[in-house]
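Here is the structure we will look at.
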Amino acid sequence: MAKGTVRYWAAAKAAAGVAEEPYDASTLAEALEAARDRHPGEFVRVLLRCSFLIDGDPVGTRGHETVRLAEGGTVEVLPPFAGG
2 MAKGTVRYWA AAKAAAGVAE EPYDASTLAE ALEAARDRHP GEFVRVLLRC
52 SFLIDGDPVG TRGHETVRLA EGGTVEVLPP FAGG
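Listed below in structure tokens is the structure:
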């Protein structure tokens, strides 16, 4: 298991009630499952619309169970942003 930080932005931050928290997981899927367990309700719905960066790299359409997390890494949780 790797330890690192999950950072929440915009609606994800509001729904989680925190800006960031630690992860202890091997994959993005494991980290997100733990986050859903900690923050049930609206947060779970917000995650369905989010995109993710792992140490600055977009996850894109890769399966979350295939995305490995690094020791000391950072997961950015990005809801859709409005703008032009």
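So for the sequence shown, our numbering puts the first residue at 2; every next one is plus one.
All C-beta atoms, glycine included, are put in the ideal place defined by N, C-alpha and C.
Computed from a predicted model, the values in this text were never measured in an experiment.
Within its chain, find whatever has a CB closer than 8 Å to the CB of residue i; leave out the 5 residues flanking it on each side and keep chain order.
i          : result
residue 90 : This structure leaves residue 90 out entirely; the chain is present only between 2 and 85.
residue 13 : 44, 47, 48, 51, 78, 79, 80
residue 11 : 79, 80, 82
Express the C-alpha separation of residue j and residue i in angstroms, rounding to a whole number.
i          : j          : result
residue 36 : residue 64 : 17 Å
residue 27 : residue 62 : 18 Å
residue 74 : residue 24 : 9 Å
residue 21 : residue 38 : 15 Å
residue 33 : residue 58 : 17 Å
residue 16 : residue 31 : 19 Å
residue 70 : residue 8  : 14 Å
residue 41 : residue 72 : 26 Å
residue 56 : residue 2  : 16 Å
Is the beta carbon of residue i less than 8 Å from the beta carbon of residue j?
i          : j          : result
residue 18 : residue 76 : no
Using a Cβ-Cβ distance cut-off of 8 Å, determine whether residue i contacts chain D.
i          : result
residue 72 : Absent here is chain D; the protein component of the structure consists of one chain.
Closer than 6 Å by C-beta to residue i: which residues in its own chain qualify, once you throw out the five before and the five after it? Chain order, please.
i          : result
residue 66 : 28, 30
(request) Pick out the complete beta strand (DSSP E) segments inside the segment 17-50, 3 residues or longer, and give them in chain order. (result) Scanning the segment 17-50 for uninterrupted beta strand (DSSP E) segments of 3 residues or longer gives 21-26, listed from N- to C-terminal end.
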